[in-house]
Amino acid sequence: MNEPGGNFAASPSGLWHGGIHVSAEGAGPMLDLKYGVRCLADGEVIAYRLDRISPTSRIPASGGQPELNVPYSTSFALVRHTLEYPAGNRLSFFSLYMHLQGFADYECEPSQPRPGYWSTQVEVTSYAQDRPHPASQGQPSAPDRAGLRVRASKQHGTIRCTLPHGARATIGRRDGDWGQVSAVEGPSPYPPQDGRFVGPYEAVGGWIFMGSEPGDPVVREVMPDSAFDRVVIPPHPVKVGAGDLIGYLGPYWHTADPAQPNRIVHIEVFCDGTLPAYIEASRAAAEADYHNERPILRIDRSVKLYAGPSVRQEGANAPRTAIVQVYSQCVLDALPADCKGSVDDDPFNHGKGEPWWKITSADSRYADITGWVRNRQTPAGRVTRESPGHWSDFEMFTDSDANNPTLFGSADAWLDYVLDAGKPDLSDVGKLKPLATGVYRAMSPARNEKEAADELLSHGANRWLRFRASRLIPRHRSEWASEESYRELFAQLVTRSEPSPYHAAEIERISKLAWWDEVQGKVSQPFPSSPDVFHIHPIGLVGNFINAQSCNCINYDSIWVPHPAPAYKDSQIVSWSHYRLPIDTSPGRIAGNSRRGGDASKGAQTKVIDFLVQKGRQYHLNREDIAMVLAMTRHESGFNPDAAAGTTSASGLGQFVDQTAASYGINTNSQRFDAEQGADAMVRHYLENKRLATAGGATGRNVFVMTYAYHHDGPSLAYGGKAISESKVMPVFDLILNNICSNVAD
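Counting in numbering that gives the first Met the number 0, the sequence shown runs from 0 upward without gaps.
So this is what it looks like as structure tokens:
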């Protein structure tokens with residue numbers, strides 16, 4: 000989708016643009032913006048800024064137009080991610096979400112979900128009824144000293160003090176329903192025992208329970224003043240999952256028409272100078288690994304598009320591609336049925352046939368052409384399957400960026416171009432800086448270098464050029480660290496032209512948008528040591544690494560569990576339960592937030608769902624079987640691999656008690672809470688229980704009802720499993736059937 004004001008990697012004004020825009024008027028109509036901006040991959044928020052109220056720019060009256068006061072957003076979130084392939088070869092990269100809406104917009108929409116990474120405070124409510132121990136045995140505690148206990152450690156730790164009603168605590172770390180206090184304000188804490196002294200900072204470093212007791216919240220979240228209008232660096236990076244809420248589109252006026260209401264988000268991905276070595280090692284490993292998954296179809300230049308899905312259906316004057324294209328398997332799976340050819344009869348005698356795909360490409364004039372390609376083309380080999388580790392057709396550029404934020408070799412060359420100075424060859428490739436020249440030549444094989452600047456700046460209007468741009472990775476200075484260079488550029492512009500009414504407002508806005516210096520050196524490492532960074536197209540990156548089984552085939556929004564189950568009370572937790580075990584939060588592990596069912600990020604739950612579908616295919620389950628496995632897992636654990644019961648030893652995705660788990664080779668805690676191993680055991684246990692249901696005479700829909708009954712009760716069927724299956728599990732089974740594709744089992 001073309002976003003005229005924000006395509007990658009060049010803006011229409013001749014400046015570098017290291018990200019993409021999504022606006023309400025541009026790509027917005029093709030998206031469901033009510034769900035907000037979502038995180039593109041698992042990671043951790045390392046910095047953010049939240050406007051209390053979006054600042055405004057004053058643009059003086061001019062040319063008969065009245066004075067304007069127009070809002071813009073400086074709110075952003077910065078997320079750090081890690082790629083690792085092969086083992087030991089790691090890359091840290093960062094995603095930026097800029098111009099998010101401010102806090103006032105959330106207050107206007109109280110039902111709108113809020114991001115989970117904000118540094119909120121919690122305020123003790125009247126439902127908290129902990130009291131200090133009495134001074135002597137048999138004496139009641141003072142009735143007006145109710146509040147919330149602070150413990151030295153979670154669960155049963157020594158009581159440090161009690162926070163009174165109305166006291167506020169800043170939470171530094173969270174572990175399920177527990178939070179570690181990093182600061183307190185408000186009424187002074189009560190001592191653990193009446194008559195003893197407690198200092199005002201005794202709560203700092205302790206842990207408080209933040210759930211409900213019994214059923215009513217003991218704390219409510221509030222936003223401290225320190226959370227607004229400044230760059231916030233959490234004391235501990237806040238984990239976020241792929242698909243988690245980051246925010247919503249915020250206001251941002253355009254210089255072309257400041258009065259026109261406009262809401263956007265700028266999404267950007269960047270990384271430091273370790274990228275070339277990482278990609279080199281990744282490509283070498285992918286080339287050597289002949290057995291790895293190759294979910295990407297690559298179609299080279301000069302490939303004939305056949306008239307039909309067979310080597311015998313070339314047709315007359317078959318058109319040839321003039322561009323390189325890549326398709327992830329999920330995109331191919333989503334093609335209409337009439338664009339999917341059946342597996343052929345192996346005309347090249349390679350041991351198996353291949354399917355055909357009907358695709359649209361472009362000729363040398365960028366006109367659309369349509370036809371069929373074989374999944375692998377031999378003997379020419381110009382249609383191939385690639386793995387994400389190949390980074391197919393991604394190209395890095397490290398040429399000189401000169402010392403200005405434009406695409407031109409000098410500020411004067413840029414000014415000549417934008418002011419149309421009447422000089423010869425204003426758009427010639429020789430006017431561009433070396434870095435921009437390299438990007439331009441790689442982007443456009445069919446080019447006119449006399450019009451290089453025009454073609455580069457207008458590339459967003461051509462979808463084939465936009466696609467090629469999504470594989471280009473230029474290294475240049477971040478615009479969020481370039482306040483001074485922009486200021487100098489505008490100063491030169493003013494000396495050569497009549498100042499526009501928005502110039503002063505734009506310079507002020509640029510200064511308020513900058514954040515690099517406030518983040519660098521203050522966030523935890525790794526973070527780039529220099530603002531000269533590689534910029535990667537966000538959609539190009541995600542499209543290269545997206546799981547083929549995680550798109551289009553499953554409606555995750557309707558299946559995942561957004562609200563966790565209630566926490567167990569201390570009095571309910573038995574000694575043989577796994578509920579109190581600490582959660583393994585090792586990097587890359589699919590982890591829950593607590594032991595409660597459903598208390599895992601959407602990204603983590605999505606990966607669990609994918610594992611269950613993958614294992615279902617491995618064991619040859621049909622579509623209804625897979626839906627039932629998903630329904631049962633959702634009911635048992637809420638797709639939280641770290642879920643555990645407090646009253647029994649039930650744990651993991653299937654909530655197997657220890658004896659059942661052992662029968663599937665699950666004996667250690669690492670096995671018990673491993674997402675992939677849990678998915679495997681869940682599918683195997685499902686097959687065994689389905690066998691029991693069928694052997695017991697169940698038919699039709701009742702097979703699924705009884706399969707869960709056996710899962711819940713065991714062979715005795717004596718614990719109400721059938722009633723639970725009919726009332727709780729089967730409605731979820733129906734929901735899931737309506738939200739998975741017909742070929743999910745293929």
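Beta carbons are placed, not taken as given, at the ideal position from N, Cα and C, and that holds for glycine.
Bridge partners - residue i, DSSP secondary structure assignment
i: H265; result: H20 and M97
i: E353; result: BP columns for E353 are empty, so no partner.
i: H80; result: F92
i: K606; result: Answer by DSSP bridge pairing: none, since K606 is not bridged.
i: H475; result: V532
i: E517; result: For E517, which the question treats as bridged, DSSP gives no partner whatsoever.
i: W15; result: A9
i: K339; result: W356
i: P70; result: T55
i: C107; result: Answer by DSSP bridge pairing: none, since C107 is not bridged.
i: K238; result: E43
i: A361; result: D367
CB of residue i within 8 Å of CB of residue j, strictly
i: L492; j: L414; result: yes
i: L471; j: A441; result: yes
i: Y251; j: H98; result: yes
i: Y663; j: A680; result: yes
i: Y578; j: A643; result: yes
i: L296; j: W390; result: no
i: G205; j: R159; result: yes
i: A166; j: V197; result: no
i: I263; j: G5; result: yes
i: S481; j: P404; result: yes
i: P163; j: P188; result: yes
i: L736; j: S557; result: no
i: I625; j: V743; result: yes
i: P354; j: G340; result: yes
i: L629; j: L611; result: yes
i: T646; j: S576; result: yes
i: T161; j: R113; result: no
i: L456; j: A435; result: no
i: I232; j: K511; result: no
i: G249; j: S72; result: yes
i: A76; j: G602; result: no
i: A127; j: G146; result: yes
i: P563; j: R588; result: no
i: L274; j: G35; result: no
Same chain only: Cβ atoms within 7 Å of residue i, ignoring 5 sequence neighbours per side
i: D176; result: F208, M209, G210, A566 and S593
i: T693; result: V702
i: L540; result: V268
i: Q604; result: W559, V560 and F638
i: S496; result: L418
i: Q548; result: With a pLDDT of 46 at Q548, under the threshold of 50, the predicted position of this residue should be treated as unreliable, though the coordinate-derived value follows. Closer than 7 Å at Cβ, skipping near neighbours: D609, V612 and Q613.
Own chain, CB closer than 6 Å to residue i, minus 5 neighbours either side, in chain order
i: A649; result: V656
i: K303; result: A317 and R319
i: A168; result: V121, V180 and V183
i: S10; result: H16
i: P433; result: D398 and S399
i: K153; result: W177 and W206
i: I58; result: L67, P257, P500, Y501 and A504
i: A697; result: M705
Sequence-distant residues of the same chain with beta carbon closer than 8 Å to residue i, five excluded per side
i: A361; result: T320, A321, I322, D367, I368 and W463
i: E394; result: A441, R470, L471 and I472
C-beta neighbour in chain C for residue i, strict 8 Å
i: T55; result: Looking at the structure shown, chain C is missing, and only one protein chain is on hand.
task: Give a yes or no on contact between the stretch 497-516 and the stretch 445-458, applying the rule of three or more CB pairs nearer than 8 Å.
output: no
message: Under 8 Å: do the stretch 259-268 and the stretch 58-67 share three or more Cβ pairs, one atom per stretch?
response: no
message: Could you check whether the stretch 81-93 touches the stretch 47-57, counting it as contact only if at least three pairs of C-beta atoms, one from each stretch, sit closer than 8 Å?
response: no
message: Using 8 Å as the cut-off, can you tell me whether the stretch 220-227 makes contact with the stretch 29-36, which would need three or more C-beta pairs spanning the two stretches below that distance?
response: no
- request: Within the stretch 250-332, note down every full alpha helix (DSSP H) run reaching 4 residues or more, in order along the chain.
  value: 274-287 and 328-332
message: For the stretch 476-483 against the stretch 527-545, do three or more pairs of beta-carbon atoms, one drawn from each stretch, fall closer than 8 Å, so that the two count as touching?
response: yes
task: Ignoring anything shorter than 4 residues or poking outside the stretch 164-235, list the alpha helix (DSSP H) runs there in chain order.
output: none
- request: Would you check if there are 3 or more beta carbon pairs closer than 8 Å linking the stretch 237-244 to the stretch 36-48?
  value: yes
- prompt: Can you list the alpha helix (DSSP H) stretches of 4 or more residues lying completely in the stretch 452-513, in chain order?
  reply: 462-468, 482-495 and 502-512
message: Please give me, in chain order, every unbroken run of the alpha helix (DSSP H) with length at least 4 that falls completely inside the stretch 590-662.
response: 601-617, 622-636 and 657-661
field: Those runs of the alpha helix (DSSP H) which lie wholly inside the stretch 672-737 and span at least 4 residues
entry: 674-694, 700-712, 720-723 and 729-736
message: So within the stretch 373-434, which uninterrupted beta strand (DSSP E) runs reach at least 3 residues, ignoring any that extend past its ends?
response: 382-385 and 394-396
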